[in-house]
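In terms of our numbering, the sequence shown opens at residue 399 and continues consecutively. Notes for the one structure printed next.
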Amino acid sequence: MGLKVGAVNSGRDNPNKILSPGVVAKYYKIEQDYEVKNAPEILNLANAFFNKRELPKNVNVLFVKERTNVEINYPAYIDRPVLLVSDIFKKVISMYHKDYVCQTVVLTEQSSGNQNVYWHIRVPEVDCLSAKSVIGHDQLVKKAVIDEAKAQDRSFIKISNNIQSIYVVRLDLLESALRRDLCGFTLEELESE
């Protein structure tokens, strides 16, 4: 079961508790919380970029779909169609990984002119799944178990998989993000060895 971080109720008995009793998970799968209402819908990215989940280097402005009489709710973490993180989340990631390439992207509401700064981070793909991971016949990861030696000392990685984009955060980076009240993402405990 995952944990939602944000205004949406996680459904757990104790929303402040992110670990199962007696377990200290080191890694978490992080995803955008798709139950956040009125999240931005990015308009001007071609389908060619959806699969690679990378943003062309010359793209710095993305337009979002506007809705009449509805304020857009900008979460700290967006993972579709490309990975984008808020300015504060980027600062947290940079504390741990100054070497990650970050590209400024401005999400723009064209008619109102409202703009929000986000960052596209080129997170390294790491072949860090242990032999205990479960991969389906369709090559989708059914159960991810992180091999800590392969993950090295990275606290934000993308699991190397041609079919899925699975982003993983380590507990130290996650705690830093949560202390800054970042929200709009879900977390799922991952086993590691």
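The C-beta atom is built at its ideal place from N, Cα and C for all residues, glycine as well. Quick caveat, the model's predicted, so the values are computed rather than measured.
What residue range does the beta strand (DSSP E) around residue 589 cover? 583 to 590
Return helix, strand or coil for residue 488, following the three-state DSSP convention. helix
Looking at the structure shown, is residue 449 part of a helix, part of a strand, or coil, going by DSSP? Confidence is the limiting factor: at residue 449 the pLDDT is only 46, short of 50, which leaves the residue's position unreliable, though a coordinate-based value still follows. Here residue 449 sits in helix by DSSP.
Rounded separation between residue 424 and residue 589 - CA only: 8 Å
Just how far apart, CA to CA, sit residue 426 and residue 469? 30 Å
Measuring CA to CA, which of 560, 534, 529, 540 is closest to residue 548? 529
Please classify residue 488: is it buried, with 16 or more other beta-carbons within 10 angstroms of its beta-carbon, or exposed? It counts as buried.
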